[in-house]
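First residue of the sequence shown? That's 1 in full-length UniProt numbering, and the numbers climb one at a time after it.
Structure first, commentary second.
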Amino acid sequence: VKQNLLFYSLWTDVKEVPLKEETVLSGIPKNHLLGDDEEEGNQGGVPAPIKPEFVLPIMLGEQLTPSRLSTVFEQLHSPKRLVAGVVNDDGTVVYYIVHNGIAKPKKN
Numbered sequence: 001v002k003q004n005l006l007f008y009s010l011w012t013d014v015k016e017v018p019l020k021e022e023t024v025l026s027g028i029p030k031n032h033l034l035g036d037d038e039e040e041g042n043q044g045g046v047p048a049p050i051k052p053e054f055v056l057p058i059m060l061g062e063q064l065t066p067s068r069l070s071t072v073f074e075q076l077h078s079p080k081r082l083v084a085g086v087v088n089d090d091g092t093v094v095y096y097i098v099h100n101g102i103a104k105p106k107k108n
């Protein structure tokens with residue numbers, strides 16, 4: 001997942017963040033992530049700065065339970081969201097945004 005973020009998705013400042021039972025990644029995406037509410041903060045046509053995101057790397061067969069997510073959110077001091085980077089057997093990585101609680105729907 002780290003290599004995919006750096007060389008395919010072109011994230012910068014990607015670092016490993018060790019937690020008690022696993023390691024997450026932290027980095028800055030090249031662009032705002034889809035559904036990013038930070039874009040709503042634009043003032044006078046100036047885009048909001050892109051903030052660092054947390055990525056939880058998992059294998060396709062691993063279980064991602066609510067309990068596991070809750071533990072990760074707590075250990076990261078409750079960010080609004082994190083990104084689950086799911087790795088397939090062939091090395092393909094798919095990313096899912098996971099919110100800490102209920103997320104407001106986007107305005108049309």
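The beta carbon of each residue, even a glycine, is placed where N, CA and C say it ideally should be.
Alpha carbon to alpha carbon, what distance is there between residue j and residue i?
| i | j | result |
| --- | --- | --- |
| T23 | A84 | 12 Å |
| P47 | K30 | 13 Å |
| P18 | L82 | 15 Å |
| P105 | E21 | 32 Å |
| T12 | Q3 | 11 Å |
| L64 | G101 | 15 Å |
| P49 | S9 | 18 Å |
| I28 | V14 | 7 Å |
| H32 | K80 | 15 Å |
| E62 | K107 | 34 Å |
| F7 | E16 | 16 Å |
| V74 | D90 | Note on residue identity: the sequence assigns Glu, not Val, to residue 74. Roughly 32 Å separates the two Cα atoms. |
Going along the chain, which residues of its own chain have a beta-carbon closer than 8 Å to the beta-carbon of residue i, five neighbours each way excluded?
| i | result |
| --- | --- |
| V87 | V1, P57, I58, M59, L60, V93 |
| L34 | I97 |
My assumption, with CB atoms under 8 Å, is that residue i sits in contact with residue j. Please give the rounded CB distance.
| i | j | result |
| --- | --- | --- |
| V55 | L5 | 7 Å |
| S26 | P52 | 5 Å |
Going along the chain, which residues of its own chain have a beta-carbon closer than 6 Å to the beta-carbon of residue i, five neighbours each way excluded?
| i | result |
| --- | --- |
| Y96 | A84 |
| A103 | none |
Considering only the beta carbon of each residue, do residue i and residue j sit closer than 8 Å?
| i | j | result |
| --- | --- | --- |
| L69 | V98 | yes |
Just checking residue i against the ligand COA - is the residue's beta carbon closer than 7 Å to any of the ligand's heavy atoms?
| i | result |
| --- | --- |
| A103 | The ligand COA is not among the ligands present in this structure, which contains no ligands whatsoever. |
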